[in-house]
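Asker: Would you mind keeping the following structure in view while I ask a few things?
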Amino acid sequence: MLKDNSNSHSSGTFVGVVVGSSEYKKSTPASPPPSRRGVILNAKWNKYEIFLLIGFFTAVRLVVAPFFGLGVDEAHYVLYAKYLDLSYVDHPPLVGWVHAPIFYLLGTNELLARIPAILIFAATSYCAYIFMLRITGSVQASLISVLALNCSFMLNALALMLLPDSLLLLMVFLLIFLAEKIMHSQKPLYFILLGILLGLLGLAKYTSILLVPPLIIFFLSKKRYDIVFSPYMILTFLVALILISPVIYWNVAHDFISFRYQGGHVFGSFASSLKNSAESLAAQFGAYSPFLVIIAFYGFFKVLRSSDNYVRLAVLFGATIICFFLVTSSYERTLPHWPAIFYLLFIPIGVCDLYLAATKGKKNFLYFSVGFSLVLTLFAYAVLAGKFIPFPDYKSPFRDIYGFPAITANAEMLLQKKITKRSKAIAVSNWTMGSRTIYYSLPYENEVFVIDNRKDQFDVWEKHSALGYDLLFLNTHFHDLNIEQYARCDNVEPAGKTELAINGAKVDTVEYVWCHNYQGVRP
3 MLKDNSNSHS SGTFVGVVVG SSEYKKSTPA SPPPSRRGVI LNAKWNKYEI
53 FLLIGFFTAV RLVVAPFFGL GVDEAHYVLY AKYLDLSYVD HPPLVGWVHA
103 PIFYLLGTNE LLARIPAILI FAATSYCAYI FMLRITGSVQ ASLISVLALN
153 CSFMLNALAL MLLPDSLLLL MVFLLIFLAE KIMHSQKPLY FILLGILLGL
203 LGLAKYTSIL LVPPLIIFFL SKKRYDIVFS PYMILTFLVA LILISPVIYW
253 NVAHDFISFR YQGGHVFGSF ASSLKNSAES LAAQFGAYSP FLVIIAFYGF
303 FKVLRSSDNY VRLAVLFGAT IICFFLVTSS YERTLPHWPA IFYLLFIPIG
353 VCDLYLAATK GKKNFLYFSV GFSLVLTLFA YAVLAGKFIP FPDYKSPFRD
403 IYGFPAITAN AEMLLQKKIT KRSKAIAVSN WTMGSRTIYY SLPYENEVFV
453 IDNRKDQFDV WEKHSALGYD LLFLNTHFHD LNIEQYARCD NVEPAGKTEL
503 AINGAKVDTV EYVWCHNYQG VRP
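Put into structure tokens, the structure is as follows:
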């Protein structure tokens, strides 16, 4: 259905080169005749087009990356590298392990923290290109599909900020390529590689387990019982188990806190709500670009019955992911990046189908959708870097990614000025402030406590109790607490405030409040 024969010579040649087809290698003469040299040169130029496209977006991200602060989750995962461990309450450890080499060799700042995500998405974009080439055989359709991916707002966020989902996006393509390879050859090496890949998926995010059933269903649907029941599958299982053993060991040592946390996080209170589902889906329309979401679902239903191995794997993976999060969103609102795999796979498929369509209307819709998303994406990058749009006081969208260097620098000054016989530390009352406050306090080596009743990662990182400390609470405009009513202290003392502003408009106001001899949260 998606095959394109209009560019059969150049695209076919290039596909042969990329895929490494033995048939192509055997049939290609050592020295092509003059009549074909132009075609070969054109294929080589097409080969460079994808690198120019990926290079452009990579360059934009590298330029913009240093100009805004780390977000809540982003700072949290950099701290995984600071506090290296076998696993964590929130997620398995791979995202922290990926951060660790840069963190320990080069240090950390906004650019260094974002380089892994930028490079990983560049590789993901190239895999998407190969994926679509193998389906369509069309270089131009594959190029525009990668362009569309790089115009999706949420995928751009995952391309800048290293989240566990950023890792899954790359690995799902590798899983598809490897599964298709196993269909043609059952070499032990391929089963070992499959075990390694499944293990890495397990080290990246718990919900990656959702990719295992559709993989098995794919082989069964193709009646490849020899693969499913192959003795080498035991090898695959053992390799994957060895790789995820640090996560299992850590959870055993920590009373399975991570498994319990994730179970409650996904299924919430079990109080089903259609409103939650509707709001979750609406958030995805806004997060991925409304027209690209339409294209993704169009592509999904268009190829639902396809027998092509690559497409079939994409359908099974995508259907599992989107159905799981649509169902669980009725219990707890789904964050937009959770079903990213679905949009990663079906934005390109939908784009290619529209591009190769015979009707002008479909192509016009495609060009408008990609053009609209591209303009907004580049505009968003410009606003992130320049912050030139004025917003009313306390209405800025930058409040989560702006001002923490100033906040923690002022906290350091107040801690240094304070003379006391007790230990001193910074305190925040909300976990969303915890990761950024700890991260931006790293240069000062200040101790930071998250004072709340929520059992989370901060309780693992805090090696001792805050009881008996003189705590400097950071009280923001958006998390405004009466410290006297919130915490038991010998006395409470205001210590000043910091106002954060962009273009003369207030972004946030932080009040510093001393809690002397902290004795716990009031009931």
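Its first residue numbered 3, the sequence shown is counted upward by one per residue in the working numbering.
The C-beta atom is built at its ideal place from N, Cα and C for all residues, glycine as well.
For clarity, every value in this text was computed on a predicted model and none was experimentally measured.
Could you give the distance in angstroms between the alpha-carbon of Ala45 and the alpha-carbon of Val141?
Answerer: The pLDDT assigned to Ala45 is 47, lower than 50, so where the model puts this residue is not dependable; a value taken from the coordinates is nonetheless given after this. One C-alpha to the other measures close to 9 Å.
Asker: So, under 8 Å CB-CB, Leu170 and Gly197 are touching, yes? Tell me the CB distance rounded to an integer number of Å.
Answerer: About 17 Å; that fails the 8 Å criterion.
Asker: Would you tell me roughly how many angstroms separate the C-alpha atoms of Tyr82 and Gly373, rounded to the nearest one?
Answerer: The straight-line gap from Cα to Cα measures roughly 38 Å.
Asker: Could one say the Cβ of Leu243 lies closer than 8 Å to chain B's Cβ atoms, at least one of them?
Answerer: Of the chains in the structure shown, none is chain B; there is only one protein chain.
Asker: Using CA atoms only, rank isn't needed, just tell me which of Leu172, Asp458, Glu334, Asn432 is closest to Ala119.
Answerer: Measuring from the Cα of Ala119, the nearest candidate turns out to be Leu172.
Asker: Near Val450, what residues of its chain come up, given a Cβ to Cβ distance below 6 Å and the 5 sequence neighbours on each side ignored?
Answerer: If we look at Val450 and ignore the five residues flanking it on each side, its Cβ neighbours are Ile428, Thr439, Ile440, Ser443.
Asker: Skipping 5 residues on each side, what residues in its chain have a beta carbon closer than 7 Å to that of Val509?
Answerer: Taken in chain order, the residues that qualify are Ser398, Phe400, Arg401, Tyr404, Gly405, Leu502, Ala503.
Asker: Please give me, in chain order, every unbroken run of the alpha helix (DSSP H) with length at least 4 that falls completely inside the segment 117–167.
Answerer: As far as the segment 117–167 is concerned, its whole alpha helix (DSSP H) runs of at least 4 residues are 141–151, 155–162.
Asker: Measure the C-alpha to C-alpha separation of Pro525 and Leu121 and round it to an integer number of angstroms.
Answerer: Approximately 48 Å, taken between the alpha carbons.
Asker: I need the boundaries of the beta strand (DSSP E) containing Lys426, first residue and last residue.
Answerer: Looking at the DSSP string, the run of the beta strand (DSSP E) that includes Lys426 is 426–430.
Asker: Around the Cβ of Ile52, are there at least 16 other Cβ atoms within 10 angstroms (buried) or fewer (exposed)?
Answerer: When all chains shown are included, Ile52 counts as buried.
Asker: Taking the C-alpha atoms as reference points, what is the distance between Asn505 and Phe390?
Answerer: Roughly 7 Å separates the two Cα atoms.
Asker: Given a cut-off of 8 Å, decide if Phe475 and Cys517 are closer than it, judged by their beta-carbon atoms.
Answerer: In this structure, Phe475 lies closer than 8 Å to Cys517 by Cβ.
Asker: Give me whichever residues DSSP pairs with Ile504 in a beta bridge.
Answerer: Answer is Ala507, bridged to Ile504.
Asker: What separation, rounded to the nearest whole angstrom, lies between the Cα atoms of Asp75 and Pro166?
Answerer: Distance between the alpha carbons of Asp75 and Pro166 is about 10 Å.
Asker: Output the distance between the C-alpha atoms of Phe111 and Pro68, rounded to the nearest integer angstrom.
Answerer: Reading off the sequence shown, one finds Asn at residue 111, where the question assumed Phe. C-alpha separation (whole angstroms): 8 Å.
Asker: Quick check: the Cα distance between Ala387 and Asp395, rounded to an integer number of angstroms?
Answerer: Distance between the alpha carbons of Ala387 and Asp395 is about 20 Å.
Asker: Quick one: Cα of Ser232 to Cα of Ile184, how far?
Answerer: Distance between the alpha carbons of Ser232 and Ile184 is about 11 Å.
Asker: Along the chain, where does the alpha helix (DSSP H) containing Phe381 start, and where does it finish?
Answerer: Segment 362–388, the alpha helix (DSSP H) holding Phe381.
Asker: Which residue marks the beginning of the beta strand (DSSP E) containing Val523, and which one marks its end?
Answerer: Taken as a continuous stretch (DSSP letters only), Val523 belongs to no beta strand (DSSP E), as it is neither H nor E.
Asker: Can the beta-carbon of Val317 be found less than 8 Å from the beta-carbon of Leu328?
Answerer: No.
Asker: Drop a sphere of 10 angstroms on the beta-carbon of Pro487, count the other beta-carbons inside from all chains shown, and report buried for 16 or more, exposed for fewer.
Answerer: For the sequence presented, residue 487 should be read as Gln rather than Pro. Exposed.
Asker: Does DSSP put Lys27 in a helix, in a strand, or in coil?
Answerer: In this predicted model, Lys27 has a pLDDT of only 33, less than 50, meaning its place in the structure is not dependable; the value taken from the coordinates is given anyway. Helix at Lys27.
Asker: Based on DSSP bridge pairs, tell me the residues matched to Pro496.
Answerer: Val515, per the DSSP bridge assignment.
Asker: Name the residue from Leu356, Lys423, Asp458 whose alpha carbon lies nearest to the alpha carbon of Thr138.
Answerer: Checking every option, the nearest Cα to that of Thr138 belongs to Leu356.
Asker: Comparing alpha-carbon positions, which option in Tyr446, Arg424, Lys423, Ile453 lies nearest Met435?
Answerer: Nearest option by C-alpha distance: Ile453.
Asker: Between Met163, Phe319, Leu368, Gln521, which lies nearest to Gly71 when the distance is taken from Cα to Cα?
Answerer: Of Met163, Phe319, Leu368, Gln521, the residue nearest in Cα terms is Met163.
Asker: Go to Asn477, then tell me how far its beta strand (DSSP E) extends in each direction, as first and last residue.
Answerer: Per DSSP, Asn477 belongs to the beta strand (DSSP E) from 472–478.
Asker: Cutting at 7 Å between CB atoms, please list the residues of its own chain near Ser127, excluding the five before and the five after it.
Answerer: Ile56, Val148, Leu151, Asn152, listed in sequence order.
Asker: Less than 8 Å between the C-beta atoms of Gly352 and Gly288, yes or no?
Answerer: Cβ distance not < 8 Å, so Gly352 and Gly288 don't count as in contact.
Asker: Consult DSSP for Ala489 and reduce its assignment to one of helix, strand or coil.
Answerer: Strand, per DSSP.
Asker: CA-CA distance, Leu195 and Gln286?
Answerer: Between Leu195 and Gln286, the C-alpha separation is close to 33 Å.
Asker: Can you tell which of Trp252, Tyr263, Lys207, Ala181 has its C-alpha closest to the C-alpha of Leu217?
Answerer: Cα-wise, what sits closest to Leu217 is Ala181.
Asker: Taking all protein chains shown into account, do 16 or more other C-beta atoms lie within 10 angstroms of the C-beta of Arg116, making it buried, or fewer, making it exposed?
Answerer: Looking at its Cβ environment, which holds 16 or more other Cβ atoms inside 10 Å, Arg116 is buried.
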